[in-house]
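Numbering (this note's numbering), first residue to last: 354 to 625.
(1) With contact counted as at least three CB pairs below 8 Å, one residue from each stretch, are the segment 576-584 and the segment 401-412 in contact?
(2) When the Cβ atoms of the segment 547-557 are set against those of the segment 454-463, are three or more pairs found closer than 8 Å?
(3) Report the residue ranges of all alpha helix (DSSP H) runs contained in full by the segment 448-514; include only those spanning at least 4 residues, in chain order.
(4) Can you check whether the CB of residue 462 is closer than 8 Å to the CB of residue 558?
(5) Does the distance from the CB of residue 540 to the CB of residue 481 come in under 8 Å?
(6) Report all residues from its chain with a CB closer than 8 Å to the CB of residue 489; omit the five preceding and five following residues, and keep chain order.
(7) Does the beta-carbon distance from residue 592 to residue 424 come in below 8 Å?
(8) Does residue 595 get closer than 8 Å to chain D when you measure Cβ to Cβ?
(9) Could you pull out every residue in the same chain whose Cβ sits closer than 7 Å to the Cβ of residue 419, ignoring the five residues on either side in sequence?
(10) Can you list, in chain order, the residues of its chain with a C-beta nearer than 7 Å to that of residue 386? Leave out the 5 residues immediately preceding and following it.
(11) May I have the straight-line CA-CA distance separating residue 379 from residue 373, to the nearest angstrom?
(12) Determine the burial state of residue 396: buried for a count of at least 16 other Cβ atoms within 10 Å of its Cβ, exposed for fewer.
(13) Do residue 556 and residue 534 have their C-beta atoms within less than 8 Å of each other?
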């Protein structure tokens, strides 16, 4: 009877703790907004509008033509680039981690390529792909693939050899082994790499859109800055931050569901 009584109590404590953390997070956001408003009123500079003015500009962005002309295209480019990076990074990383000889020979090439800052590739991408969405997606992939690939590679290298030997003894090899053995074992590290790749996608997206696109949040921010529409400049930054927060929240929810089995295994190992 005792374990049954303890588990609901533990769940209630966890729920209260999560609620407290969320409340503290929103309180922090409110504190930043109040500090911004007060600092802007005290400084009284055109280059530093009040929070309410920036928030009003955000309303114009999300209800006006900029939503379909800039915000949604940026979101689509970020998600497409992230998806390509995720699929390619997982497949290449797991394959190189599993095929140790090939992985060892490719390590130097991988280290060299991932050390190149993605913004430096924008001029080359413009020459090869021209201005527009394809160039932006290509630059996003060039930046976001590495956290996924490296984490998948390391996770495959650290996979318990007993799992692989057992699978081989059952006749499981090739792509099937990668899918049903290596991928589940590597999933915690892969998810960590995917989260980094998601934030990297947004960061590189803005730079690429500023330099080589005619639409998108980065383009919107640059145009607003060049035409001295200061509240719109801040509005673009706030919208970008909101998009990043939304995507990260959705990702964490998906990660929690996918890795629920890991929490159960951990609790079982500790006798909880």
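Cβ atoms here follow ideal geometry from the backbone N, Cα and C, with glycine treated the same way.
On the basis of the supplied data:
(1) With a cut-off of 8 Å, the segment 401-412 and the segment 576-584 count as touching, because enough Cβ pairs lie within range.
(2) no
(3) Complete alpha helix (DSSP H) runs here, min 4: 453-467, 475-482, 486-510.
(4) In this structure, the beta-carbon distance from residue 558 to residue 462 does not fall below 8 Å.
(5) no
(6) Closer than 8 Å at the Cβ level, and outside the excluded window around residue 489, lie 430, 434, 558, 561, 562, 565, 566, 569.
(7) If you check the CB distance, residue 592 and residue 424 come in under 8 Å.
(8) Going by chain labels, chain D is absent from the structure shown, which holds only one protein chain.
(9) 573
(10) 404
(11) 10 Å
(12) Classification of residue 396: exposed, given that the 10 Å Cβ count is below 16.
(13) no
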